[in-house]
Structure formats: structure tokens, C-alpha cells
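Novice: Be aware that the sequence shown starts at -5, since it is given in the working numbering, and climbs by one per residue.
Where is the CB? At the ideal position from N, CA and C, for every residue including glycine.
Quantities reported herein were computed from a predicted structural model and do not represent experimental measurements.
Next up is a structure, given as C-alpha cells.
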Amino acid sequence: MSEYTVLENRKVQKRSLPVSGMTCAACANSVETILKKSEGVLNANVNFADHTALVEYDATTNPEALQKALQAVGYDLILDVEDPSEIQEALRQEHYQEIKRRTIWSAILTLPVFILGMFFMDWGPGRWISLVLTIPILFWLGRSFFINAFKQARHGKANMDTLVSLSTGIAFIFSLFNTLFPDFWHARGIHPHVYYEAATVIITFITFGKLLEERAKSNTSSSIKKLMGLQPKTLSVMLNGEEVEMPISQVEIGHTIIVRPGKKIPVDGQVISGSSNVDESMITGEPVPVPKHKGEQVFAGTINQKGSFQFIAQKVGGATLLAQIIQMVREAQGSKAPVQKLVDKIAGIFVPVVIVISIVTFLAWMVFGGEDAFTHALLTSVAVLVIACPCALGLATPTAIMVGIGKGAENNILIKDAESLELGHRVDSIVLDKTGTITEGRPVVTDFKWLREQDVDYHLSVLLAMESQSEHPLAEAVVDFLRSKEVKPGTIEAFESITGKGVTAFTADKQQAFLVGNERLMKLNDIPISAATRQFLTQWQQEAKTAILFAGNREILAVMAIADKIKANSRSAVETLQARGVEVYMLTGDNRQTAAEVARQVGLQHFEAELMPADKAEFVKKLQQQGKIVAMVGDGINDSQALAQSDVSIAMGKGSDIAMEVAKMTLITSDLQAIPKALRLSKKTVVGIRQNLFWAFIYNIIGIPVAAGLLYPVNGFLLDPMIAGAAMALSSVSVVANSLRLKTAKI
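Below is the structure:
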């Protein structure tokens, strides 16, 4: 996807390109830095979640030059492809499957090494078997840790991969030396231990953690994919008086496009002939299709109903409203920072400190170690690196998240990532969509008043027959209501639909005419409206309901009101949130009168009406600019931009697939009381993550000085690297056990 803009008399191209070769967030930072420093690049934003780079550069810049700059340091840009999203998805799936294979084989090969190292450590052949099995685990299945550590070192950086590669590499080299030259230690009165199991377990644990991370990330672009699926790949165009089928990529502004019943509208434009009702719920969120006549605007991705029409294409490609929604969702998702960044920051400080401590330990023992200085120096420096291995650090976040996700699922809350858990308990503003979130999202008959008591069954059968043939969006609500009363349709003839007013029909013998519609239809046919009927109409208008009149034999027989009912629990949920000190807002594409009435009924003071998707996202952005942590709750495609923009995005489980894919939380139930539960679950999970990080480091805080030999001058104790490896494993067990405690917590 690309677009051109003019900036300071220069043509600037903005392009989203797939990036390959990235294995961690630090890689994304490196790619971004390289691109930003490249000649002609104005800005670059690399999204590690979907492996893309959004690059703004002078149109005179050759993209191949950017590609070569990245290839020089082990990365690559995918250029000159028709559909970058397909390439991107293929790369992501390939990467995920590769990590999955590495995890499985690492686990298979590590198991015998672990058993030999822990239970048969003195068996001579065991260390040779372990050596053979360890080599492929470290240098093939775990090669990415060493490669990435080397890349980071070239840029003067260090991360968790650095510590993993150092600790496992030194443990392997030390064990290899002890396997090949055991007499070196025997001559000094020391039994030579090997630590293959420590190296292999480290690789397997961390690889499994990366698998969990990639699995979570693999779904981040599916929302974009589904949004793109709203646009048809081909369309019908009138060229030289003939209808021609062409790919959507070839359509141009000014083309006359034909839209038939049930088809998706391919691009934005203006109707020039014909009429129909169009489902614009992906834009407005409102369940009622919108009538379209000559001069009306239509938008890409919306769905035509039963009529057909032609329109002039006015916006195509990246300029359509749908394309803008896709781009905004992509950019909003790309701007997110996962909770794992906290771990990366800690590791960025922790890793160099551990390396320095290990070196200082070695040097100190060489200077002050006496007769066995080298032996003690080597053992203690290795013990420092082994005990400091970040296994628990790698498990701290994913284990808490896995348990938190399970706990949420038990309470009808599906949680996608750590970020929403990190921010949920800090939310101070919640934005609720109206239709489908506060309300049921489906028009129903709320009131039905008979004004003439004679022949009720007969008249009901006529009404059902007329509304069953009607194409009006509200007719379905009347049909559902009558069928629920077990009404059977009658027989009618000469059915006619009058656009914008209603329908008319005659009974089978053509002796009596019936009408169903609004006041304008009644006035057109000189049917009087009594004062009692007018009172009903006025009351329902004040309640933001749509009134429909049913007339026959030149008199009003019945009146009915149709509305989108408010969910029974909406008011109590709003009150619960407000009691927690959370400000609650309502946004809707509906008219202001309806919005005001719904807000009044649920006890809301803040609401905005008649909003487009971009307006909702802008409202969320304004709250964020005021320093607020904003949660957005929605159910429709029209909410996807605001959901992506928000800090915590929550979708209703009965809503659109797009909303659920964009959102980081999904409420399986329609009960809004699940929102306060989600916020409480967030708090408990974050507490669990912080406790895990504490346990991940407490062993290092205590163990590293002991491993360095701090107690040796006091009682002659030196920590054996084997014990250091056990302490490292114990820290991981502590982290997992602490995460499991969340299962019994109440939310």
C-alpha cells in the first residue's frame, strides 16, 4: 500500500513494506534506526507485531537502496509485490512454524540430556551422549539466540539473547573441556562436572516462551485481512455502453459502476440512477440499512440490499473510506508497546551488569584466589552466568498471561495480549458504542396499539402479508413480532412500495385497500389521524422510537413503535463503572435525539451523536491527549478505528468479526457487567506479573553474590555451577507456581 503527498514542493511517498529477518523487538529498533538514517527517508515506523515498515521517503529515493542497507546487516525488505499483505502473512506463518519445529525438537532432545545430567551424572558414557545431543540443540535449534546476540553486539547493544548465548555457550564450552580433558581437574583433586542439561534446558524454555509470543502475534494482522476482505476483487463497469467485468485494481475515477442486489460496493462514489437500501453498519454501526437514491453517497465495503443502482466512482484505491480505516487500524496497532518491553528494558540493564560481575569475579579470584586461583575463578564466573540465566524472566509474563486468559475465559472474557492486562486496571475513561453495546443492536417492536377492535385476526394477517413483501429495513421487526404471536399471513394483491413513505396493497377481492407506513403516507391518502393517535406518536418521538401506522378502509387501525432496546444490564454496568471513579462516554452514529434518550435511560452525562468511524477514533485520541487511559467498547466494523486507537479495546462477542479481531479483549456475554470484572482481572494479573518478575530476580540478587564467592572468606563455601543451575530452575518453578495462584482468585 502506498500513497503520495506533496511536502515543501517535494513529492513524498508513504509505503508499507514487509520486513524479514527480525527476531525480537530490538531487531525492529535496529531496522527502524537504519531506515531513518538512510538518505531520502523522512520517517520510518517498524511494527514488529506484523513485521512491516511504514516508510515515508522522497519519491526520488530508490527503494532498492533501502533494501540493500538492511540486507547488509541481515534483514530484508520485500519489494515489487502485487499483494504485500500475502507475502507478509506467508513470512509470518513460516516463522511461526519454524519456531514450533525448534521447540518440539529441542524438548525431545533435551529430555534425555536432563535425565542423564540430574540422575546419572557420574555415568561416564552419559556425558558423551549428552554432548552429541547438546550440539544440535545449541548450534542448530538454538542458533537464533547466538545470531541475534551477534547482531546486537555489532550495534553495541545487549538483550536477553546475549545472556542466553553467553550462559549456554560458556556452560557448553566448560562442559566440553571437562568431557575431553577430565584429567586436568583430577590432577587438582576436583571432580569435573558437566552442565549440558543446564544449557539445553535454557534453550528449550526460552524457545517455548518465544513460541507463545509468536502465537499471540500471529493474529494481529487478521483484522486487517478481514477488513480488506470487505472489498470485492472484481466489479461491473459500464464502458462504451457495455457492461464489463474488471479487477478492482483497474477501476478509475469517473467509471460508472453497476451494483446488483446483495453485492458489496467496491469503491466510494455517488449514485446516478436506480435506488436501494444499503447496509452501512460498518460505517455508522446502526443496524437499519440506509435508503440510497440519485445523488446519495455510497462507500466501499458496504453491502447493497435488494435493489440495484449505478454510481460514479469518486474515490478508488487507498483513497476510499474503507482503505483509510484499514490504514488507521494498521497504524494504531503498530504504535502499541507490549508489556514485554518492561522485561526488555530490565534485561538491557541486567545483562551487561551480569557480564561485568562475571568478569570481575574471574579477575578477583585470579588476583586473590591463592593456590587454586584459576580453578575457582573459572567455576565462580561460570556459576554467575548460569544462575543469572533469564529463564524465569522469560516465563514471568507469558505464564501469568496464560493463567489470566484462562481465568478471563471462565468469566466470559477473552483476553488477547499482555498490553491490555497491563493497562486495564489503570483505565479512568471508558467509551461505549451505543448500538449493540448499550442496546441490543436489533430493531424490535416495543409498542403495539389497536385502535379498532373488530376483525383483529384478519387485519393482523393482512399486516403480516404486507410487511413480509416489504423491502423496508424496519419491516423485518414487524414480521418477527407478528410471527412471535403465531399470526398467519393473509392473501394480498397489487402490492406497491412507495419510496420513503411505506407500502400499499389490496385484499384478494380488491374491495379494500390497506396501507403501512409513516405519517406522510397517511396524509398522501387523506387518512385522518385522531388526537389519541397523535398522542401516541408524540410520546414515541420523545422516546426516540420510530412510529408505523397501519390503515384500512380509510381509517387508522393500529399504530406501533419500533426501537433498538436497551440491554437490561446496561444501566447497572454504567453505575458500577462510575462508582469506581471511571468516566463513561457514549458514542453513536445515530441522531442526537435518539442518543440523548438512550444516555438518559442508562444514566450517562457524556455522549456524542452522528459520528463517523474517524470521528470516534478522534474522540478517543482527544481523551488520550488529556492524559486519560481510555478503554473503548464496541461491536461493529465502524468501531474498529476507535478500538485500535484506544489503550484497552473491548469487543462484544456478538458483534462483527472485525471488531473482535481488532480488540484486545472480547466479552463473550452481552452482559456489560463483564467490563468491571475485566478491569479487576487486569489488576490481579498485573500484580502476578510483578510478583513473577520479583521472584525471577530475587534468586539473582541473592545467588549472584554467593556464586561469585562472597561466602568463601566466611565459611569456605563456593556455589557449584550445578547448584546454580538448580537455583535457576527453582526460580522458574516459583514463577509458574505464583502464576497458578491466580486461578483461585476472585474477580
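#1: Which whole-angstrom value describes the C-beta separation of A66 and Q7, a residue pair presumed to lie in contact below a C-beta threshold of 8 angstroms?
#2: Can you grab the Cα-Cα spacing for the pair S10 / I698, in whole Å?
#3: Pull up the distance between the alpha-carbon of K737 and that of L445, whole angstroms please.
#4: Which first and last residues belong to the beta strand (DSSP E) in which T228 is found?
#5: Would you call the segment 420 to 439 and the segment 472 to 489 touching, i.e. three or more CB-CB distances under 8 angstroms?
#6: Have a look at A657 and V642 and give me their C-alpha separation to the nearest angstrom.
#7: Is W444 helix, strand or coil by DSSP?
#8: Contact defined as beta carbons within less than 8 angstroms: I believe H370 pairs with L712. What is the distance between those atoms, to the nearest angstrom?
#9: Under a three-way DSSP split, which group does M606 fall into?
#10: Who are the Cβ neighbours of G575 in its own chain at under 8 angstroms, not counting the five residues just before and after it?
#11: Grab me the residues of H453's own chain with a C-beta within less than 6 angstroms of its C-beta, minus the 5 sequence neighbours each way, in chain order.
#12: Round the Cβ separation of V40 and E26 to the nearest angstrom and send it over; I've been treating them as touching at under 8 angstroms.
#13: Please tell me whether G546 and V456 are closer than 9 angstroms, where the distance is taken between their beta carbons.
#14: Please go through the segment 173 to 199 and give each complete alpha helix (DSSP H) segment of 4 or more residues, from N-terminal end onward.
#15: Between A499, N142, G583 and R96, which has its C-alpha nearest S462's C-alpha?
#16: Measure the Cβ-Cβ separation of A294 and Q225 and say whether it is below 9 angstroms.
#17: Can you give the beta carbon distance from S24 to I72, rounded, assuming they're within the 8 angstroms contact cut?
#18: Spatial neighbours of K622 within its chain, please: C-beta separation below 7 angstroms, excluding the five flanking residues on both sides.
#19: Using the three-state DSSP reduction, which class does T660 fall into: helix, strand or coil?
#20: Could you tell me which of H466, I252, I242 and I129 sits nearest to G235, measuring between CA atoms?
#21: Report the residue from L125, P707, Q264 and K145 whose alpha carbon sits nearest the alpha carbon of E191.
#22: What distance in whole Å lies between the Cβ atoms of D584 and A603, which are believed to be in contact at a cut-off of 8 angstroms?
#23: Which runs of the beta strand (DSSP E) fall wholly inside the segment 68 to 148 and span at least 3 residues, in chain order?
#24: Can you name the residues that DSSP bridges to F544?
#25: Based on DSSP bridge pairs, tell me the residues matched to K410.
#26: For the ligand ATP, is there a heavy atom less than 8 angstroms away from the beta-carbon of D177?
#27: Quick check for students: name the residue ranges of the beta strand (DSSP E) that lie wholly in the segment 567 to 639, counting only runs of 3 or more.
#28: Should D629 go down as buried or exposed, given a rule of 16 or more other Cβ atoms within 10 Å for buried?
#29: Any idea if P119 is buried or exposed, counting beta-carbon neighbours within 10 angstroms, 16 or more meaning buried?
#30: For Q667 and Q572, what's the separation of their Cα atoms in angstroms?
#31: With V522 as the anchor, note down where its beta strand (DSSP E) starts and where it stops.
#32: Take E465 as the anchor and find which of E490, Q448, T485 and V481 has the nearest alpha-carbon.
#33: Just tell me which of L687, V700, P607 and I696 has its CA closest to the CA of A731.
#34: In whole angstroms, give me the CA-to-CA distance for I200 and K671.
#35: In this structure, how does DSSP classify G312 when only helix, strand and coil are distinguished?
#36: Closer than 8 angstroms by C-beta to H419: which residues in its own chain qualify, once you throw out the five before and the five after it? Chain order, please.
Specialist: Working from what's here:
#1: Their Cβ separation, rounded to whole angstroms, is 22 angstroms, which puts A66 and Q7 out of contact at 8 angstroms.
#2: S10 and I698: Cα-Cα distance of roughly 46 angstroms.
#3: 59 angstroms
#4: Element bounds for T228: T228 to L233.
#5: yes
#6: Computed Cα separation, rounded: 8 angstroms.
#7: DSSP places W444 in strand when its eight states are reduced to three.
#8: 7 angstroms
#9: coil
#10: Its chain contains D422 as the residues whose beta carbon lies nearer than 8 angstroms to that of G575, once the 5 sequence neighbours on both sides are disregarded; these appear in chain order.
#11: The residues L551, in chain order, have a CB closer than 6 angstroms to that of H453 in the same chain once the five nearest residues on each side in sequence are set aside.
#12: 4 angstroms
#13: A distance below 9 angstroms separates the beta carbons of G546 and V456.
#14: If we require 4 residues or more, the alpha helix (DSSP H) runs fully inside the segment 173 to 199 come out as 177 to 180.
#15: Nearest C-alpha to S462: A499.
#16: Yes; because the gap between Cβ atoms is below 9 angstroms, this pair is in contact.
#17: Rounded, the Cβ-Cβ distance is 18 angstroms, inconsistent with contact.
#18: D422 and S423
#19: strand
#20: It is I252.
#21: L125
#22: 6 angstroms
#23: none
#24: V510 and A552
#25: The partner list for K410 (beta bridge, DSSP) is empty, contrary to what the question assumes.
#26: What this structure holds is no ligand at all, so the ligand ATP is not there to describe.
#27: 577 to 581, 600 to 602 and 624 to 628, all fully within the segment 567 to 639.
#28: buried
#29: exposed
#30: 12 angstroms
#31: Checking the sequence, you will find Pro at residue 522 rather than Val. No beta strand (DSSP E) holds P522; DSSP gives it neither H nor E.
#32: E490
#33: L687
#34: 32 angstroms
#35: helix
#36: L673, R674, S676, K677 and V680
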